[in-house]
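J.:
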Amino acid sequence: MRGERLVQCADQRRHSASRYLHACRLTADLTAGRPSPVDLALHPTGSHAPLPRSPLSRLLRSLPESRPAPPCVAVAVRAALPLVLVAAIAPPGSAIVHHVDPIAGSAAGDGTVLNPWLSLEQVWADGLIETRVWDELPYDPDDVLEPVNPGAPVQPGDTLWLYGGDHGAFDVRGAYNEQTITVAAAPGETPYLSRIELEAAQNWHFRGLTVRPSQWPSSGTLVRIQDHGWWGPTWDVVVEDCELYTALDASSWTAIDWIDNAWSGFNVTGDRVEIRGNRLRNVRHGITVSGEDAVVSRNRIDGFSADGMRGLGDGGAFLYNVVMNAFVGSGHGDGNHDDGFQSWSNGPGGVGTGEVRDVVLRGNLFLNGEDPDHPLHSTLQGIGCFDGLFVNWTVEDNVVATDHWHGISFYGMVDSRIVNNTVLDINDSSPGPPWIRVTSSNGTPSENVVVANNLSTSYSLSGTNVLDASNRTIVDAASHFVAPPLDLTLLATSTALDAGDALHATARDRLGVARPQGALPDQGALERCPGCLFADGFESQDAYAWSRRSP
155 MRGERLVQCA DQRRHSASRY LHACRLTADL TAGRPSPVDL ALHPTGSHAP LPRSPLSRLL
215 RSLPESRPAP PCVAVAVRAA LPLVLVAAIA PPGSAIVHHV DPIAGSAAGD GTVLNPWLSL
275 EQVWADGLIE TRVWDELPYD PDDVLEPVNP GAPVQPGDTL WLYGGDHGAF DVRGAYNEQT
335 ITVAAAPGET PYLSRIELEA AQNWHFRGLT VRPSQWPSSG TLVRIQDHGW WGPTWDVVVE
395 DCELYTALDA SSWTAIDWID NAWSGFNVTG DRVEIRGNRL RNVRHGITVS GEDAVVSRNR
455 IDGFSADGMR GLGDGGAFLY NVVMNAFVGS GHGDGNHDDG FQSWSNGPGG VGTGEVRDVV
515 LRGNLFLNGE DPDHPLHSTL QGIGCFDGLF VNWTVEDNVV ATDHWHGISF YGMVDSRIVN
575 NTVLDINDSS PGPPWIRVTS SNGTPSENVV VANNLSTSYS LSGTNVLDAS NRTIVDAASH
635 FVAPPLDLTL LATSTALDAG DALHATARDR LGVARPQGAL PDQGALERCP GCLFADGFES
695 QDAYAWSRRS P
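Each residue of the sequence shown is one higher than the last, beginning at 155 in my numbering.
#1: Would DSSP call GLY597 helix, strand or coil?
#2: I'd like to confirm the pairing. Which residues does DSSP put opposite ARG378 in its beta bridges?
#3: Can you name, in chain order, every residue of its own chain whose Cβ lies under 6 Å from the Cβ of GLU343, other than the five neighbours on each side?
#4: Assuming HIS658 and VAL573 form a contact by the criterion Cβ under 8 Å, report the distance between their Cβ atoms to the nearest whole angstrom.
#5: Under a three-way DSSP split, which group does TRP278 fall into?
#6: Could you have a look at TRP407 and say whether DSSP puts it in helix, strand or coil?
#7: Entirely within the region 575 to 660 and at least 4 residues each: give me those alpha helix (DSSP H) ranges in chain order.
#8: Give me the residue from ARG361, TRP358, GLU351 and ASN357 with the minimum Cα distance to LEU376.
#9: Quick check on this structure: which residue in HIS253, LEU272, VAL251 and ILE250 has the alpha carbon closest to the alpha carbon of SER260?
#10: By alpha-carbon positions, which one of GLU353, ASN490, LEU434 and VAL510 ends up nearest to ASN331?
#11: Measuring CB to CB, does LEU473 end up less than 9 Å from VAL443?
#12: In this structure, how does DSSP classify SER484 when only helix, strand and coil are distinguished?
#13: Assign THR185 to buried or exposed, taking buried as 16 or more other Cβ atoms, counted over all protein chains shown, within 10 Å of its Cβ.
#14: Quick check: the region 630 to 650 against the region 558 to 568, are there 3 or more CB pairs under 8 Å?
#15: What did DSSP end up calling ASP414 once you bin it into helix, strand or coil?
#16: In terms of alpha-carbon separation, which member of GLU275, VAL254 and ALA258 lies closest to GLY265?
#17: Who are the Cβ neighbours of GLN309 in its own chain at under 6 Å, not counting the five residues just before and after it?
#18: Determine the DSSP secondary structure at SER570, reduced to helix, strand or coil.
#19: Restricting to Cα atoms, I'd like to know which of ASP411, SER451 and ARG511 is closest to VAL482.
#20: Does DSSP classify VAL545 as helix, strand or coil?
#21: Would you tell me roughly how many angstroms separate the C-alpha atoms of ALA249 and PRO307, rounded to the nearest one?
#22: For a minimum of 3 consecutive residues, which ranges assigned as the beta strand (DSSP E) are wholly contained in the region 286 to 354?
#23: Would the beta-carbon of VAL605 fall within 9 Å of that of ASN625?
#24: Tell me which residues share the same chain as VAL298 and place their Cβ nearer than 6 Å to its Cβ, disregarding the 5 neighbours each side in the sequence.
#25: Do ARG366 and LEU314 have their C-beta atoms closer together than 9 Å?
#26: Measure from the alpha carbon of ARG269 to the alpha carbon of each residue in TRP278, VAL667, PRO256 and GLU275, then state which is nearest.
#27: Would you say ALA460 and ASP414 are within 9 Å of each other, going by their C-beta atoms?
#28: Can you name the start and end residues of the beta strand (DSSP E) that TRP498 belongs to?
#29: At the level of alpha carbons, what is the spacing between THR336 and GLY328?
#30: Evaluate GLU219 with the Cβ neighbour count: other Cβ atoms within 10 Å of its Cβ, from every protein chain shown; 16 or more gives buried, anything less gives exposed.
#31: Does DSSP classify VAL560 as helix, strand or coil?
Listed below in structure tokens is the structure:
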């Protein structure tokens with residue numbers, strides 16, 4: 155019945171004569187058992203990869219309006235449809251791929267490739283996902299999880315493939331999955347949502363989605379992954395390869411737009427959350443994380459008006475991110491002081507009375523702005539950690555190019571390392587030049603800190619057992635770098651070459667080049683390697699290339 159209805163629907167589609175012949179060839183391949191485009195899509199490398207957008211479905215949608223479907227299509231559909239459906243929804247193991255299509259789907263669908271659901275918002279609202287919640291509320295650590303929507307079509311471990319179009323908002327409270335449920339863009343598709351809000355949740359993975367507000371001007375946060383005081387904590391969530399923006403083009407924005415109408419990207423209070431490979435554009439705050447053991451890696455934040463990243467929880471790792479183009483400051487009516495990265499502690503006495511522990515800042519690029527003459531240009535504090543204590547931090551291989559005094563500043567640092575970073579001014583005007591600074595916090599001195607192998611325009615180091623080893627002050631940036639401040643690859647004539655302390659050097663530089671390339675490690679975030687060729691084809695000394703990529 156299903157196949158017959160699809161053939162009838164095919165009568166309403168158009169295609170050229172060549173497509174008509176291709177349809178016969180395709181179905182002949184299916185019935186004869188020969189490899190076809192369907193087979194290649196299902197098994198591109200011998201694996202059982204799920205079907206992108208069913209070629210059979212595309213074929214049926216392309217049939218002519220005024221011409222009946224070719225007999226070969228009708229025969230092939232009836233014969234091959236069960237096999238196609240099984241292959242399309244059966245990845246390795248028992249997990250199933252479900253299909254959600256705002257254009258071709260229906261709320262009355264069944265989630266198969268030929269009868270998809272309508273939107274992600276509809277799937278959740280209709281109770282089509284089996285998950286769990288705590289048996290008693292408010293949440294207590296002694297509570298146990300019990301199923302919600304038992305036997306629903308979407309089971310733990312399954313995947314929801316989203317096709318292009320508007321999927322609404324994904325607002326979820328109380329969704330602890332026994333195994334990870336993946337919500338991903340179908341191959342070649344661009345699905346978008348107005349927001350993602352997870353509260354009291356576990357084991358979710360979002361990939362390849364676009365998140366932007368449904369209306370503007372407005373403000374808010376595009377992705378919130380939050381603990382909830384009544385419903386319970388959140389943990390084990392991944393968001394990767396997503397696009398987040400308030401608007402794609404902010405060239406006409408006023409200061410008020412940046413201050414009051416720009417949405418923020420991520421706000422995370424849950425634990426063990428990974429945010430990786432995402433692109434954020436034209437936002438207020440970029441990525442704010444206060445949960446523990448977060449991994450924030452290889453994201454690009456381009457255009458922001460408050461803080462690029464905030465790391466407020468213990469055990470966080472901020473790796474190889476690019477944070478660039480800060481807009482609006484106090485001169486434009488904005489009371490926030492912008493930071494590329496900011497942290498502070500909270501304790502019984504409020505801000506600055508606790509500790510933030512075990513954080514890694516590695517390989518990040520903080521670039522104040524590509525156009526220092528922009529009328530809304532802001533002066534960006536690079537890495538600003540002002541209200542410690544900051545205990546067991548590793549700050550290495552970062553590049554900070556900014557228009558402020560605070561390049562890398564820690565007020566109250568303990569048992570930590572600041573190694574192989576590059577800090578310089580983007581211009582010769584005030585404020586600046588930026589420094590690497592280690593000092594006290596609220597009367598408590600920094601203690602047991604290694605500051606080594608850095609290149610910076612200034613230093614201010616104080617405290618107990620603060621080691622100053624093989625650091626170099628940049629007096630003339632042009633004598634060290636290829637094209638400062640945008641390309642900080644070391645020149646062959648730079649005195650920073652082979653000038654680092656091997657005992658404290660990092661194993662690899664910001665771009666993944668092994669240290670040392672010479673007799674000793676170089677100072678700064680980039681090890682000179684004239685013969686190195688990166689995966690994207692840029693040689694290490696190509697101007698501007700380094701600022702656009704991560705290892």
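Heads up, the beta-carbon is just placed ideally off N, CA and C, and yes, glycines get one too.
T.: Let me lay it out:
#1: In the sequence shown, residue 597 corresponds to position 443, counting from 1. Secondary structure of GLY597 (DSSP, three-state): coil.
#2: Start at 1 with the first residue of the sequence shown, and residue 378 comes out as number 224. In DSSP, ARG378 forms a bridge with GLU351 and ASN421.
#3: Counted from its first residue, the sequence shown places residue 343 at position 189. Answer for GLU343: TYR317 and GLY318, listed in chain order.
#4: As a first step, residue 658 is located in the sequence shown; it is residue number 504 there, counting from the start. As a first step, residue 573 is located in the sequence shown; it is residue number 419 there, counting from the start. Contact annotation, HIS658 with VAL573: C-beta distance approximately 6 Å; criterion of less than 8 Å satisfied.
#5: Residue 278 sits at position 124 when you count from the first residue of the sequence shown. TRP278 falls in the helix class under three-state DSSP.
#6: Counting from one through the sequence shown, the residue named residue 407 turns up at place 253. The answer is coil: DSSP assigns TRP407 none of H, G, I, E or B.
#7: Segments of the alpha helix (DSSP H) lying fully in the region 575 to 660: there are none.
#8: Translated into positions along the sequence shown, residue 376 becomes position 222. When each option's Cα is compared against that of LEU376, the closest is GLU351.
#9: Numbered from its first residue, the sequence shown carries residue 260 at position 106. The option with the nearest alpha carbon to SER260 is LEU272.
#10: For the purposes of this step, residue 331 is taken as the residue at position 177 of the sequence shown. When only C-alpha atoms are compared, the closest one is GLU353.
#11: Reading the sequence shown from its first residue, position 319 is the one you call residue 473. Reading the sequence shown from its first residue, position 289 is the one you call residue 443. Their beta carbons are not under 9 Å apart, which means LEU473 does not touch VAL443 by this criterion.
#12: On the sequence shown, residue 484 is found 330 positions in, with the first residue counted as 1. SER484 falls in the helix class under three-state DSSP.
#13: Looking up residue 185 in the sequence shown gives position 31. Reliability of the predicted coordinates at THR185 is poor, the pLDDT of 34 falling under 50, and no value is obtained from them.
#14: No: fewer than three Cβ pairs fall under 8 Å.
#15: In the sequence shown, counting from the first residue as 1, residue 414 sits at position 260. Reduced to three states, the DSSP call for ASP414 is helix.
#16: Your numbering for residue 265 matches position 111 in the sequence shown. When each option's Cα is compared against that of GLY265, the closest is VAL254.
#17: Start at 1 with the first residue of the sequence shown, and residue 309 comes out as number 155. Within the same chain, GLU284 come within 6 Å of GLN309 by CB-CB distance, once the 5 residues on both sides are set aside.
#18: Here residue 570 corresponds to residue number 416 of the sequence shown, with the count starting at 1. It is a strand residue.
#19: Within the sequence shown, numbered from 1, the residue matching residue 482 stands at position 328. Nearest of ASP411, SER451 and ARG511 to VAL482, Cα basis: ASP411.
#20: Here residue 545 refers to the residue found at position 391 when the sequence shown is read from its first residue. Secondary structure of VAL545 (DSSP, three-state): strand.
#21: Within the sequence shown, residue 249 is the residue found at index 95, counting from 1. Within the sequence shown, residue 307 is the residue found at index 153, counting from 1. About 11 Å.
#22: Listed in chain order, the beta strand (DSSP E) elements of length 3 or more contained wholly in the region 286 to 354 are 299 to 302, 313 to 316, 323 to 339 and 345 to 347.
#23: Position 451 of the sequence shown, counted from the first residue, corresponds to residue 605. Position 471 of the sequence shown, counted from the first residue, corresponds to residue 625. Yes.
#24: If you number the sequence shown from 1, residue 298 lands on position 144. Apart from the 5 residues on each side of it in sequence, VAL298 sits with its Cβ closer than 6 Å to the Cβ of ASP289 in its chain, given in chain order.
#25: Start at 1 with the first residue of the sequence shown, and residue 366 comes out as number 212. Start at 1 with the first residue of the sequence shown, and residue 314 comes out as number 160. No, the pair does not count as a contact, with Cβ atoms beyond the cut-off.
#26: Looking up residue 269 in the sequence shown gives position 115. This sequence places Asn at residue 269; Arg is not what is there. Ranking TRP278, VAL667, PRO256 and GLU275 by Cα distance to ASN269 puts PRO256 first.
#27: As a first step, residue 460 is located in the sequence shown; it is residue number 306 there, counting from the start. As a first step, residue 414 is located in the sequence shown; it is residue number 260 there, counting from the start. No.
#28: Within the sequence shown, residue 498 is the residue found at index 344, counting from 1. Start and end: 493 to 498.
#29: Along the sequence shown, read from residue 1 onward, the residue named residue 336 stands at position 182. Along the sequence shown, read from residue 1 onward, the residue named residue 328 stands at position 174. Across the structure, THR336 and GLY328 are spaced so that their CA atoms are roughly 17 Å apart.
#30: Residue 219 sits at position 65 when you count from the first residue of the sequence shown. Any reading at GLU219 must be qualified, since the residue scores a pLDDT of 34, below 50, and its modelled position is unreliable; the value itself is stated next. By the 10 Å Cβ count, GLU219 comes out exposed.
#31: Within the sequence shown, residue 560 is the residue found at index 406, counting from 1. Going by the sequence as given, residue 560 is His instead of Val. Residue state, collapsed to three classes: strand.
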